[in-house]
Amino acid sequence: MRSIPLPQNVKTAIRLLNSAGFRADIVGGCVRDFLLGKIPYDYDITTNASPEEMQRIFCGFRTVEAGLKHGTLTVIMDSESIEITTYRRDGEYKDHRHPESVEFTTELPSDLSRRDFTMNAICYNEHDGFTDLYGGREDISRRIIRAVGDPCKRFEEDALRVMRAVRFAATLGFAVEDKTAEAARIKRAHLRLVSGERIYVEWRKLLSGEFAYPVLAEYSDVITAALGMSDYTLPNESDFADADFYSRFFSLFFDFSDPVAEFAAVCERLKADNRLKKYGLTVLSSIDRDLSTSAAIKRAMSELGEEEAELLIKCRILKGVANAAELSELYRIVASAEPYKLSHLAIGGKDVMALGIRGTEVGRALARLLEAVVSGTVRNGREELIEYLKSDTHAD
Ligand code: ATP
Ligand code: MG
Numbered sequence: 002m003r004s005i006p007l008p009q010n011v012k013t014a015i016r017l018l019n020s021a022g023f024r025a026d027i028v029g030g031c032v033r034d035f036l037l038g039k040i041p042y043d044y045d046i047t048t049n050a051s052p053e054e055m056q057r058i059f060c061g062f063r064t065v066e067a068g069l070k071h072g073t074l075t076v077i078m079d080s081e082s083i084e085i086t087t088y089r090r091d092g093e094y095k096d097h098r099h100p101e102s103v104e105f106t107t108e109l110p111s112d113l114s115r116r117d118f119t120m121n122a123i124c125y126n127e128h129d130g131f132t133d134l135y136g137g138r139e140d141i142s143r144r145i146i147r148a149v150g151d152p153c154k155r156f157e158e159d160a161l162r163v164m165r166a167v168r169f170a171a172t173l174g175f176a177v178e179d180k181t182a183e184a185a186r187i188k189r190a191h192l193r194l195v196s197g198e199r200i201y202v203e204w205r206k207l208l209s210g211e212f213a214y215p216v217l218a219e220y221s222d223v224i225t226a227a228l229g230m231s232d233y234t235l236p237n238e239s240d241f242a243d244a245d246f247y248s249r250f251f252s253l254f255f256d257f258s259d260p261v262a263e264f265a266a267v268c269e270r271l272k273a274d275n276r277l278k279k280y281g282l283t284v285l286s287s288i289d290r291d292l293s294t295s296a297a298i299k300r301a302m303s304e305l306g307e308e309e310a311e312l313l314i315k316c317r318i319l320k321g322v323a324n325a326a327e328l329s330e331l332y333r334i335v336a337s338a339e340p341y342k343l344s345h346l347a348i349g350g351k352d353v354m355a356l357g358i359r360g361t362e363v364g365r366a367l368a369r370l371l372e373a374v375v376s377g378t379v380r381n382g383r384e385e386l387i388e389y390l391k392s393d394t395h396a397d
C-alpha cells in the first residue's frame, strides 16, 4: 500500500484528534491530487469528532468558526489553514443545490457517500491507510469521473455537481463515465438555479484547464446551460493551448450577431467582476477594428487600452482572423520608445492651454496631436507639436 507523506501541520492535527479518541483522515481533493502525482495545495480532514469537540481540541490554535454550523472548523497551523469537518450526512435537498438540513454522524461511510465523485470520496490516514469504498483509486487510474451512487439522483440533489463534473474533465483530462455524463446532460437545466458566483468559480477553472478544448466541444449543451447563453462557436484548436482565460472566454462570442449583448448577459449571470466585464465589452465591441498597420495598432492601444488591444489581437488570432505578426508588432511598440498614448506626447494640457485653447478643446487638441504623431505627420518634439497646433488650431 502506498503511503502519503503528510505535511507536519496535518500530522499534528490528526494526532491531536487521535489523542482525544477520534478518527481523522485526509479526504477529497488532496487525496485525489496525491494519487495523481500532484502536490495537494490544501488539505481537508474528515473526523468523527463533533464540532464542539473540535473546538475544544483546537482551542489553543487560531481558528475560523464561520463554517462550524456545517461542521467545518478551520484551524490555522504554521500559518496555513486546514479545514476539519465532522462526518456529515446531508438531509433532503431543496432547490437542487442546498441540503434542507445537515446531520452530523459518526459513520465514515455516510460521509464518503455524500461526496460527488468516486475520485473525491477516498480518505487516508497513516494508521488505516486508504478507505476507498467506491473504487475511486481504480477510476483515477483509468482516468474516469464517476458519480458516487446514482448519478441522476446526485445531480438532482445538487446541480453544481454537473458543472464540477465537466470542470474536472477539463482540468484533469479524465473522461466522464457514460451514465454520469448522460445524467449530467439530463439534469443540466437545474444549473440555472445555482448561484452565478459558484458557476463562475467552476467556469474559470474549466476554461483555464489544460483539457478545456475537447470538453467545450463535447459538453457545449451543459456549459451553455450553466452560463445561460444560447450557444458558442469554438476558435482554432491549435492556438487554444497557449491562450489565457480571457482570450479563450471572449473568443467564444465572436460569431454572435450581437456579441456585446450576449457577453453582457453572461456577465450578469456570472456576477462577473468589473475587470472581466470591461475587458470583454471592449474587445467584443472592437472585433472588426482595423489593426493592419503599426499606426492602427497604436490607435487601438491608446483608445482601448494596452491590455484590451492585446486581448483583442489574441482573440483574433484564436479566431483565425489575425496572425501572430499583429501581436509581435504590439509587443514591439510596447518595448520601443515610440509614442502611442497621450502621456507619451512631448507636451501636455498646460502647454496647450498656454496657446489659448480652453475647455473641452484641450482634450481634442491633444487627441489630434497624438493622431498626428502616430500617423507620422509630425515628430513628437515640443517645438514641433506646438508649431503643429498653432497651424492646426482650426483644423476641425
Ligand atoms: P479542488 O482541487 O478544485 O479544490 P476539490 O475536489 O478539492 O477540488 P473542494 O470544493 O475543495 O473541491 O471540495 C472538497 C471535497 O468536498 C471534494 O473533493 C468532495 O469530496 C466534496 N465536495 C465538494 N463539493 C461537493 C458537492 N457539490 N457535492 C458533493 N461533494 C462535494
Ligand atoms: Mg479542494
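Basically our numbering = 1-based index in the sequence shown + 1. A virtual CB, placed ideally from N, CA and C, is assigned to each residue, including glycine. In this text, all values refer to a predicted model and were calculated from it rather than measured experimentally.
For Tyr125, the uninterrupted beta strand (DSSP E) segment begins and ends at 124 to 126.
Around Glu108, the same chain offers Tyr88 as residues with beta carbons nearer than 7 Å, after the five sequence neighbours per side are excluded. If you ignore the 5 residues before and after Ala21, its C-beta comes within less than 6 Å of the C-beta of Ile58, all in its own chain and listed in chain order. For Asp43, the CB falls within less than 7 Å of some heavy atom of the ligand MG. Counting only the Cα atoms, Ser82 lies some 38 Å from Lys315. Of all alpha-carbon atoms in Thr48, Gly29, Pro52, Asn49, the one lying nearest the alpha-carbon of Tyr42 is that of Gly29. Checking the DSSP bridge columns, you'll see Lys95 partnered with His99. Taken in chain order, the complete alpha helix (DSSP H) segments of 4 or more residues contained in the stretch 202 to 238 are 213 to 219, 221 to 228. Secondary structure of Ile83 (DSSP, three-state): strand. For Gly30, the distance from the CB to the nearest heavy atom of the ligand MG is below 7 Å. Here Glu101 is exposed: its Cβ has fewer than 16 other Cβ atoms, across all protein chains shown, within 10 Å.
In this structure, the ligand ATP has a non-hydrogen atom nearer than 7 Å to the beta-carbon of Asn121.
With 16 or more neighbouring CB atoms inside 10 Å of its own CB, Leu305 falls in the buried class. When secondary structure is reduced to three states using DSSP, Ala176 falls in the strand class. If you look at Arg317, you'll find it in the alpha helix (DSSP H) that goes 307 to 319. The three-state reading of DSSP puts Asp45 in strand, counting E and B together. Around the C-beta of Lys188, 16 or more other C-beta atoms lie within 10 Å, and the residue is accordingly described as buried. Where Met78 is concerned, the enclosing beta strand (DSSP E) starts and stops at 73 to 78. The alpha-carbon of Asn126 is positioned some 9 Å away from that of Leu7.
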